[in-house]
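As structure tokens, the structure follows; a few thoughts come after it.
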Amino acid sequence: MIKLKIAELLSSDQFLQEVEVNGWVRAFRSNRFIAVNDGSTINNLQCVIDFENTKEETLKRINIGAAIKVVGTLKESVGSQQSVEVEVKSIEILGDANPEEVKLTILSPKRHSLEKLREQAHLRIRTNTFGAVMRVRSKLSFAVHSYFQKNNFHYVNTPIITGSDAEGAGEMFKVTSFDLKNPPKNEDGSIDYKKDFFGKETNLTVSGQLEAETYALGLGQVYTFGPTFRAENSNTSRHLAEFWMIEPEVAFCDLDGNMDLAEDFIKYVVKYVLEHCKDDLEFLDKRHEEEEKSKPQVERSEMSLLKKLEFVTENNFKRVSYTEAIDILKNSKPNKKKKFQYPIEDWGTDLQSEHERFLVEKHFKCPVILFDYPANIKAFYMRLNEDGKTVRAMDILFPGIGEIVGGSQREERLDVLKEKMKALDIDEEELWWYLDTRKFGTCVHSGFGLGFERLVLFVTGMTNIRDVIPFPRTPQNAEF
Ligand code: 4AD
Ligand code: MG
1 MIKLKIAELL SSDQFLQEVE VNGWVRAFRS NRFIAVNDGS TINNLQCVID FENTKEETLK
61 RINIGAAIKV VGTLKESVGS QQSVEVEVKS IEILGDANPE EVKLTILSPK RHSLEKLREQ
121 AHLRIRTNTF GAVMRVRSKL SFAVHSYFQK NNFHYVNTPI ITGSDAEGAG EMFKVTSFDL
181 KNPPKNEDGS IDYKKDFFGK ETNLTVSGQL EAETYALGLG QVYTFGPTFR AENSNTSRHL
241 AEFWMIEPEV AFCDLDGNMD LAEDFIKYVV KYVLEHCKDD LEFLDKRHEE EEKSKPQVER
301 SEMSLLKKLE FVTENNFKRV SYTEAIDILK NSKPNKKKKF QYPIEDWGTD LQSEHERFLV
361 EKHFKCPVIL FDYPANIKAF YMRLNEDGKT VRAMDILFPG IGEIVGGSQR EERLDVLKEK
421 MKALDIDEEE LWWYLDTRKF GTCVHSGFGL GFERLVLFVT GMTNIRDVIP FPRTPQNAEF
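Residue numbers (the numbering used here): 1 to 480.
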């Protein structure tokens with residue numbers, strides 16, 4: 001007897017072999033055809049039972065959602081959509097699912113909204129959509145490691161609890177062991193963090209970059225891939241309070257090298273899933289097509305999901321300086337009203353997402369890498385250009401997503417870095433270890449951060465970031 005996953009059985013030609021399958025009932029028709037899914041593929045396996053020789057009691061328990069074990073003969077299928085089916089010899093109900101209770105959940109066989117599915121995040125993985133999304137997510141993570149390992153990068157695990165604010169944006173979740181109702185206080189009434197677990201204020205990391213930099217200046221090329229946390233109160237379809245970030249950091253690499261790396265990396269991982277997740281992507285492609293049909297004509301995307309993915313792997317990303325982008329936007333007519341909702345202010349302000357989307361979706365019609373941003377809207381560690389006004393920053397903007405990557409060449413000159421920190425009121429003592437890297441064998445180096453969920457959004461064609469991570473963390477929501 002062979003015990004295989006359904007994904008393997010469906011492409012097997014070992015007909016007349018006895019097989020064992022464990023999975024969950026997705027449908028049961030005519031007291032005869034059970035559609036079983038075991039999570040290995042979007043496709044169900046049809047198991048045909050001989051109801052005359054099956055106990056009434058067992059038949060009654062073959063309900064949607066139940067876990068079953070089937071032993072039977074693998075046959076070439078005539079009627080069903082699949083090439084194989086299993087003629088059941090014995091069936092065992094491993095875990096019942098009461099139909100009356102199932103009816104009250106998203107397991108009931110009707111179309112549930114994504115909002116409804118989010119309320120039952122622990123069960124939504126049993127649906128086709130979430131099965132497909134999460135398998136693609138898993139394969140994408142594998143592709144991330146595969147790319148960097150093939151290219152001689154070392155995987156480094158940076159701390160989750162940190163004493164510094166890597167982005168200097170102050171959007172951190174505090175970590176404390178104090179009983180917050182009664183923390184030790186200083187004489188002036190402020191909380192005495194010296195008495196806290198770590199002897200200082202600590203928080204959940206917003207980025208592993210600063211620690212990764214120290215490792216790049218020893219191991220040469222490194223990458224992180226871990227959870228990061230931001231307490232920004234952005235209740236949008238692109239923001240999570242807990243998200244996974246991929247952060248490569250490379251010594252002896254400037255901004256051009258950094259852009260090359262980011263583009264090559266994204267193309268590799270997208271190509272990888274195109275090759276390894278065909279069935280799931282075809283399913284998501286159809287789903288995407290239906291979603292598009294329900295939108296007004298002007299908002300529909302011109303390409304199917306699969307075409308979009310192929311397009312990204314086959315075409316160069318457009319590289320444009322921030323200054324050029326501002327000129328383009330100032331001379332653009334985004335819609336009939338000929339206006340952006342947020343007008344383009346003078347040079348020096350950050351772009352709004354409608355500007356980013358215009359550049360990517362309407363103007364260039366391809367992924368765009370914007371570089372050389374004004375220093376005053378970017379983080380302290382970015383390398384100052386000769387003009388004294390801009391920094392060697394880059395953001396990669398993607399259709400339907402907006403910013404997917406943020407990165408830069410780092411300020412490797414100790415004196416310039418110290419000056420920038422001073423201007424931003426960043427305590428040198430807090431970052432003494434970071435400054436050490438600029439004292440001992442400093443060198444040109446660069447890196448970037450890619451928000452993993454935004455990549456999964458792009459690849460799966462889903463539209464809300466809450467639907468591409470198993471248990472989303474957003475403002476007012478940490479139910480599971
Ligand atoms: O642009 P960000 O803030 O850059 C950094 O954190 C740098 N330290 C990275 C580096 O150079 N090593 O964030 C990087 C990316 C963004 O482009 C976006 O894709 C994602 O992380 N991101 C988020 N994704 C989901 N939810 C949020 N709240 C996110 N904030 C950033
Ligand atoms: Mg950014």
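All residues carry an ideal CB built from backbone N, CA and C; glycine is no exception. Here the structure is a predicted model, which is why all the values come from computation and not from measurement.
Can residue i and residue j be called in contact, C-beta distance under 9 angstroms?
i, j, result
"residue 373", "residue 322", "yes"
"residue 25", "residue 35", "yes"
"residue 308", "residue 399", "yes"
"residue 136", "residue 460", "yes"
"residue 259", "residue 451", "no"
"residue 42", "residue 128", "yes"
"residue 469", "residue 239", "no"
"residue 346", "residue 130", "no"
"residue 215", "residue 249", "yes"
"residue 262", "residue 445", "no"
"residue 46", "residue 90", "no"
"residue 441", "residue 219", "no"
"residue 9", "residue 132", "no"
"residue 350", "residue 377", "yes"
"residue 403", "residue 395", "yes"
Just to check my reading of the structure: residue i and residue j have Cβ atoms closer than 8 angstroms, yes? What is that Cβ distance to the nearest angstrom?
i, j, result
"residue 85", "residue 69", "17 angstroms between Cβ atoms; not a contact."
"residue 63", "residue 99", "5 angstroms"
"residue 383", "residue 409", "4 angstroms"
"residue 473", "residue 242", "4 angstroms"
"residue 414", "residue 439", "6 angstroms"
"residue 269", "residue 397", "In fact, because the Cβ distance is near 17 angstroms, the residues do not count as touching under 8 angstroms."
"residue 192", "residue 185", "6 angstroms"
"residue 33", "residue 21", "No, residue 33 and residue 21 are not in contact; Cβ-Cβ is about 14 angstroms, not under 8 angstroms."
"residue 173", "residue 229", "5 angstroms"
Quick check: what's the CA-CA separation for residue i versus residue j?
i, j, result
"residue 113", "residue 480", "19 angstroms"
"residue 454", "residue 194", "38 angstroms"
"residue 329", "residue 355", "7 angstroms"
"residue 202", "residue 231", "14 angstroms"
"residue 291", "residue 405", "26 angstroms"
"residue 432", "residue 204", "20 angstroms"
"residue 425", "residue 435", "15 angstroms"
"residue 4", "residue 121", "28 angstroms"
"residue 257", "residue 92", "58 angstroms"
"residue 168", "residue 380", "7 angstroms"
"residue 393", "residue 447", "10 angstroms"
"residue 317", "residue 108", "44 angstroms"
"residue 359", "residue 320", "10 angstroms"
"residue 285", "residue 305", "5 angstroms"
"residue 188", "residue 182", "15 angstroms"
"residue 28", "residue 103", "15 angstroms"
"residue 222", "residue 148", "8 angstroms"
"residue 417", "residue 210", "13 angstroms"
"residue 144", "residue 155", "11 angstroms"
"residue 59", "residue 23", "16 angstroms"
"residue 206", "residue 213", "15 angstroms"
"residue 225", "residue 51", "51 angstroms"
"residue 313", "residue 134", "22 angstroms"
"residue 7", "residue 67", "18 angstroms"
"residue 419", "residue 299", "46 angstroms"
Between which two residues does the alpha helix (DSSP H) containing residue i stretch?
i, result
"residue 288", "278-293"
"residue 227", "Element bounds for residue 227: not the alpha helix (DSSP H) but the beta strand (DSSP E), 221-229."
"residue 436", "432-439"
"residue 131", "128-150"
"residue 59", "56-61"
"residue 460", "452-460"
"residue 74", "Premise fails: residue 74 lies in the beta strand (DSSP E), 67-76, not in any alpha helix (DSSP H)."
"residue 6", "6-9"
"residue 114", "114-119"
Which first and last residues belong to the beta strand (DSSP E) in which residue i is found?
i, result
"residue 242", "242-251"
"residue 342", "First-last for residue 342: undefined, no H or E at that position."
"residue 321", "318-321"
"residue 376", "Run containing residue 376: none; DSSP gives neither H nor E here."
"residue 20", "18-29"
"residue 311", "Note, residue 311: premise wrong, no beta strand (DSSP E); alpha helix (DSSP H) at 305-314."
"residue 395", "390-398"
"residue 180", "Here residue 180 belongs to no beta strand (DSSP E), and DSSP marks it neither H nor E."
"residue 94", "84-95"
"residue 160", "Neither: residue 160 is in no beta strand (DSSP E) and is coded neither H nor E."
"residue 359", "Looking at the DSSP string, residue 359 is not in any beta strand (DSSP E), and its letter there is neither H nor E."
"residue 36", "33-37"
- Query: Counting by C-beta, which residues lie closer than 7 angstroms to a heavy atom of ligand 3, in chain order?
  - Reply: Ligand 3 is not among the ligands present in this structure, which contains only ligand 1 and ligand 2.
- Item | Segment contact, 8 angstroms Cβ cut-off, at least three pairs: the region 96-111 with the region 50-67 | yes
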